[in-house]
Amino acid sequence: ETGVTQTPRHLVMGMTNKKSLKCEQHLGHNAMYWYKQSAKKPLELMFVYSLEERVENNSVPSRFSPECPNSSHLFLHLHTLQPEDSALYLCASSQGLQAYEQYFGPGTRLTVT
Amino acid sequence: GQQLNQSPQSMFIQEGEDVSMNCTSSSIFNTWLWYKQDPGEGPVLLIALYKAGELTSNGRLTAQFGITRKDSFLNISASIPSDVGIYFCAGHSQKTSGSRLTFGEGTQLTVNP
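Shown next, in the form of structure tokens:
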């Protein structure tokens, strides 16, 4: 595997379900990010991790819970989501917080029913 | 907050034509990035710019960092059908916190064969 991978690519879940999104980067980077991409809107930064430590939480509802067990893996745990949370969730990584070139995974298309 | 205005929102061109799109900001940026996103995929980094006035090419793509540091331009020469997709600009400002990037809303490019 190369670059940034994300699983699953597609996810349909009910509002009472609990699921997790997984991201893995194979670039040796130290910073990882979660973004939300909704139609016709700019990318919204959700969380930033640097060396496994959360450095930014962009006022995201608590029904989204990130986890970064090591510098290569990032998870987004989901529970009791709302239909408006349906979107493409993108993971990205960069060499460090001051390296502005971010490399994205293919995303997870989430549909909340 | 900071905003990036990207134009045009969409373009419909014939194969072989040249394309120009731009991104403007009301504040100064010290880094500009251009990404392309294919349907169902994550954004792919095309070009990164770090210096005012810088002109950088990547194959048929050329991007420029505006002298005022408040804008950037992307040109595609001799377009081909696989150029279809959404092109995003992203910028980083010294005034923003950490590694936060500001993204434009994208330019949807359609190339007719």
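First to last, the protein sequences are chains A and B. Residue numbers for the first sequence follow our numbering, so the first one is 25 and each next one is one higher. Residue numbers for the second sequence follow our numbering, so the first one is -16 and each next one is one higher. Beta carbons: idealized from backbone N, C-alpha and C, even for Gly.
Proximity winner among the options, relative to residue i (alpha-carbon distances)
i        : options                                   : result
A:Ser62  : A:Phe128, A:Gly129, A:Thr137 and A:Asp109 : A:Asp109
A:Tyr176 : B:Pro22, B:Pro26, B:Lys19 and B:Pro96     : Examination of residue 176 of chain A is not possible in this model, given that chain A is present from 25 through 137 alone.
A:Lys46  : A:Tyr113, A:Val84 and A:Leu67             : A:Tyr113
B:Thr14  : B:Pro96, B:Arg83 and B:Thr93              : B:Arg83
A:Ser44  : A:Gly52, A:Arg33 and A:Leu51              : A:Arg33
A:Arg87  : A:Thr26, A:Gln30, A:Asn41 and A:Gly27     : A:Asn41
Residues bridged to residue i [DSSP beta-bridge criterion]
i         : result
B:Lys19   : B:Val27 and B:Tyr70
A:Thr31   : A:Lys46
B:Ser60   : In the DSSP output, where bridge partners are listed per residue, B:Ser60 has none listed.
B:Asn5    : B:Ser(-10) and B:Phe56
B:Ala46   : B:Thr39 and B:Leu57
B:Ile(-4) : B:Val94
A:Gln61   : A:Leu112
A:Leu134  : A:Leu35 and A:Ala111
Cα-Cα separation, residue i to residue j
i        : j        : result
A:Leu121 : A:Asn54  : 8 Å
B:Phe71  : B:Phe86  : 7 Å
B:Gly89  : A:Glu77  : 31 Å
B:Gln77  : A:Leu102 : 33 Å
B:Thr45  : A:Thr104 : 45 Å
A:Pro66  : B:Ser55  : 17 Å
Give me the subset of the segment 115 to 132 of chain A whose CB atoms are less than 7 Å from a CB atom of chain B, sorted by chain position. Listed by position along the chain: Ser118, Leu121, Gln122, Tyr124, Glu125, Gln126, Tyr127, Phe128, Gly129, Pro130 and Gly131.
On the three-pair Cβ rule with 8 Å, is the segment 79 to 93 of chain A touching the segment -11 to 8 of chain B? The segment 79 to 93 of chain A makes no contact with the segment -11 to 8 of chain B; the number of CB pairs closer than 8 Å stays below 3.
Pairing CB atoms from the segment 18 to 33 of chain B with CB atoms from the segment 53 to 71 of chain B, are three or more of them under 8 Å? Verdict: yes, contact present.
Would you call the segment -7 to 11 of chain B and the segment 56 to 65 of chain B touching, i.e. three or more CB-CB distances under 8 Å? Touching, yes.
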